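Just so we're aligned, residue 617 is where the sequence shown starts under my numbering, counting upward by one.
Ideal Cβ placement from N, Cα and C applies to all residues, glycine included.
None of these values were measured; they are calculated from a predicted model.
Below: the structure, in structure tokens.
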Amino acid sequence: MNKKISIQGMTCGHCASRVEKALEELECVKSAKVNLEGNYAVADLSCEVEDSKLIEAVDDAGYDVTGIE
């Protein structure tokens, strides 16, 4: 299962790495990949995770979530 997380404020590879690391620290996230041009990340999940946990992880990394699909 994947979730696409729209994120505002990422501008460089360092930003992408911070977001990927923050998401991958969550228990159910197997991997995360940021698309800087599209301003989103895709989290590959091994189990169900609440959107609020994804939002909190991105927020703690210093960025704003604008939507989750």
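Close beta carbons around Glu641, own chain, < 8 Å, minus the five adjacent residues each side
Walking along the sequence shown from the start, residue 641 turns up at place 25. If we look at Glu641 and ignore the five residues flanking it on each side, its Cβ neighbours are Ala673.
Beta strand (DSSP E) runs wholly inside the stretch 631-677, at least 3 long, in chain order:
Whole beta strand (DSSP E) segments, 3+ residues: 645-651 and 656-661.
So the candidates are Met617, Val635 and Asn618; which of them puts its Cα closest to the Cα of Tyr679?
What you label residue 679 is simply residue 63 of the sequence shown in a count that begins at 1. Of Met617, Val635 and Asn618, the residue nearest in Cα terms is Val635.
Pick from Cys663, Glu664 and Ala659 that is closest to Ile623, judged by C-alpha positions
Indexing the sequence shown from 1 puts residue 623 at position 7. In this structure, Ala659 is the residue among Cys663, Glu664 and Ala659 with its C-alpha nearest to the C-alpha of Ile623.
Using DSSP with H/G/I as helix, E/B as strand and the rest coil, what is Gly629?
One-based indexing of the sequence shown puts residue 629 at position 13. The answer is helix: DSSP assigns Gly629 an H, G or I state.
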